Ligand SMILES: [Ca+2]
């Protein structure tokens, strides 16, 4: 297997969030709404798009909606928000639909990609043993202050909870998962492995065959061949890895909404969320959605996030790595989900982290070591709010494992309540934009 010099990144995100400290939530919500409408005007903010997302009014069925789009390619059906995505649609039909009273909304299907700062330049291999030092991130979050070389999980470590990793897929055979990682869904595949488009892995499962196919496919790329991006594997192992994870007994499920090269679209993400909600209902287990992805501009995430949260799945999203107001990024702007900024080992806010009123909480994100997808014992150390997000997802998994009836909103409130206040060194931009100084805490020293 080859030395991987995968590059990626992920994260993108957009606008606003609510947190319950220091500023009244009502103020923050209205701010988020204001920013959300502003971002809507940005369209895809220069990111490019893959056709359109068309949403019908409640009175219009999905079949009736599809009928209106005859002659175009339907890329995803998203019944949860009564929408479909389509490509190859004539602009004249787009114009007609915008004036059709049975159509609720017509928007571009924005492309989403990994953030380049979450690029791997070097990987290692190794299998951690019980006595080995834990990574600084998990070590830090079980304490109000500092690190002590150990990490204490919450309760039973997330047994029974399912964390849906919306990302580049997962190497489910990696030793960090000891069988707790499972195949799920891929936005680039139909019902059979043969139906997968280039760069997409059936069920979101990365294995040697997927990597070899990806190496062959990218052999002539600028920068050389790369195997399938390990970003999703990394995030999954930070949430639930045996040695590198916050919830070492939780189950993780691959939901590949970003290709092996780290690209996807809003519609694929929406469809992935809907798949996760359905799968969670079938399992009857408490669930968490972890989204270490995003991008500037965009909009339309609120309703699908409401669908997930109303269905009982807590959602954590990365704040983004632009060192800008997270309210300008999707899905970071969504006020109901938990938007996560990043810190360094010395408790400074990470220099790349987005900030502002849309950030709910911070978690470790700089120089995080976790599993990678090149082999079953490959590791990588990378930085980004994508790495901070799964720390929160793992903590949420432990909470819902301990109390399966806890609602998604209550899970968020509990994490906000448990968080350590005023321990992060926020930079000037973060301070002047009303960023809450709140850090993830998973220890038992709380009365929440
Ligand atoms: Ca510790």
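In our numbering, the protein residues as written are 50 to 497. Glycine residues also receive a C-beta, built at the ideal position from the N, C-alpha and C atoms. All of these numbers come straight from a predicted model, not from anything done at the bench.
With a threshold of 16 other CB atoms inside 10 Å of the CB of residue 362, please say whether the residue is buried or exposed.
-> buried
Endpoints, alpha helix (DSSP H) assigned at residue 504 | Residue 504 cannot be examined here, being either before or after the span of the chain that is shown, 50 to 497.
For residue 365, which beta-bridge partners are listed by DSSP?
-> 339, 387
Validate contact between the segment 468–477 and the segment 418–427 using beta carbons, cut 8 Å, 3 pairs | no
For residue 159, the residue or residues it bridges with in DSSP = 98
List the residues that DSSP assigns as beta-bridge partners of residue 173.
-> 428.
Give the DSSP-derived three-state secondary structure of residue 125 in the structure shown.
-> Three-state result, residue 125: strand.
Pull every residue with its beta-carbon under 6 Å away from any heavy atom of ligand 1, and keep them in chain order.
-> 188, 191, 192, 196, 197, 199, 200
Using CA coordinates, which residue listed in 367, 189, 213, 261 is at the minimum distance from residue 329?
-> 213
Could you check if residue 488 is buried or exposed, using at least 16 other CB atoms within 10 Å of its CB as the buried criterion?
-> With 16 or more other Cβ atoms from the protein chains shown falling within 10 Å of its own Cβ, residue 488 counts as buried.
Could you name the residues of the same chain whose beta carbon sits closer than 7 Å to that of residue 244, not counting the 5 residues immediately before and after it, in chain order?
-> 238
Buried or exposed by the 16-neighbour rule on C-beta atoms within 10 Å, applied to residue 467 | buried
In angstroms, rounded to a whole number, what distance separates the CA positions of residue 481 and residue 374?
-> 11 Å
From this set, 384, 370, 379, 381, which residue's C-alpha is nearest residue 402's C-alpha?
-> 370
Taking C-alpha atoms, which residue in 323, 136, 230 lies nearest to residue 297?
-> 230
Per-residue DSSP class, three states only, for residue 401 | coil
Going by Cα to Cα distance, which pick from 183, 103, 436 is closest to residue 145?
-> 103
Measuring CB to CB, does residue 368 end up less than 8 Å from residue 386?
-> no
Taking just the CA atoms, how far does residue 319 sit from residue 340?
-> 11 Å
How about residue 432 and residue 167: do their beta carbons lie closer than 8 Å?
-> yes
Count the other CB atoms within 10 Å of the CB of residue 325; is the residue buried (16 or more) or exposed (fewer)?
-> buried
Could you name the residues that DSSP lists as bridge partners for residue 488?
-> 411, 469
So, residue 217 versus residue 278, is the Cβ gap smaller than 8 Å?
-> yes
Any chance the segment 157–176 sits against the segment 249–264, with 3 or more Cβ pairs inside 8 Å?
-> no
Alpha-carbon to alpha-carbon, residue 109 and residue 388 | 33 Å
For residue 192, collect the residues of the same chain with a Cβ closer than 7 Å to its Cβ; drop the 5 residues on either side in sequence, then sort them by chain order.
-> Once the five neighbours on either side are set aside, the close Cβ partners of residue 192 are 492.
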